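What follows is one structure encoded as structure tokens, with my remarks underneath.
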Amino acid sequence: MIAELQCVVLDCPDPVRLAEFYRSVLGGRVNEPDRRWSLDENWATLHTDAGLVLAFQRVADHRPPQWPDPARPQQFHLDFGVPDLDAAQTEVVAAGATVLDDGSTSGTGAADAERAERAERPWRIYADPAGHPFCLVLHRVA
Numbered sequence: 021m022i023a024e025l026q027c028v029v030l031d032c033p034d035p036v037r038l039a040e041f042y043r044s045v046l047g048g049r050v051n052e053p054d055r056r057w058s059l060d061e062n063w064a065t066l067h068t069d070a071g072l073v074l075a076f077q078r079v080a081d082h083r084p085p086q087w088p089d090p091a092r093p094q095q096f097h098l099d100f101g102v103p104d105l106d107a108a109q110t111e112v113v114a115a116g117a118t119v120l121d122d123g124s125t126s127g128t129g130a131a132d133a134e135r136a137e138r139a140e141r142p143w144r145i146y147a148d149p150a151g152h153p154f155c156l157v158l159h160r161v162a
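In the working numbering, the protein residues as written are 21 to 162.
Structural data, given as structure tokens:
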């Protein structure tokens, strides 16, 4: 092993706002003192109870991804396991997320098989307040 992952850093226009959004999704503590980095108006952190640290870095002229447009690709995304997709969707939207793809078939003329497949699809796609895509994935306990 060469290294250990310290955190995942997301570029954004407002680090504290985005840290608070992800705190509402994952729980944890925003801007907990940590000797690994300093906190200021350009850097915020979220220490989750699960041990994951997300960091948020202010970027001038931030251009969020435009999923699924390849001209402004997502570059990476986060997947969050949830026990109930509908309840989790209500909560993340109330916290400031935007629904990008809720799995429902849009438009007319879609085949019945496609509708059935999408209705059973165990994930939905959202954008956080800074435009980064993330997924809520149904966490099925075995």
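We treat Cβ as the ideally placed atom computed from N, Cα and C, and that holds for glycine.
Given the structure is predicted, the values throughout are model-derived calculations rather than measurements.
The beta carbon of residue 52 sits closer than 6 angstroms to the beta carbons of 67 from its chain, once the five residues preceding and following it are set aside; these are given in chain order. Using a Cβ distance threshold of 8 angstroms, residue 64 and residue 35 count as a contacting pair. The residues 156, in chain order, have a CB closer than 6 angstroms to that of residue 100 in the same chain once the five nearest residues on each side in sequence are set aside. DSSP, reduced to helix, strand and coil, places residue 43 within a helical segment of the structure shown. Residues of the same chain with a CB within less than 8 angstroms of the CB of residue 102, apart from the 5 flanking positions on each side, are 108, 156, 157, 158, 159 in chain order.
Taking a contact as a CB-CB distance under 8 angstroms, the pair residue 152 and residue 97 counts as one, their CB atoms being some 7 angstroms apart.
At least 8 angstroms separates the beta-carbon of residue 77 from that of residue 148.
The straight-line gap separating the alpha-carbon atoms of residue 28 and residue 73 is approximately 7 angstroms. Around the beta carbon of residue 22, a 10 Å sphere encloses fewer than 16 other beta carbons of the protein chains shown; the residue is thus reported as exposed. Secondary structure at residue 106: helix, using DSSP grouped into helix, strand and coil.
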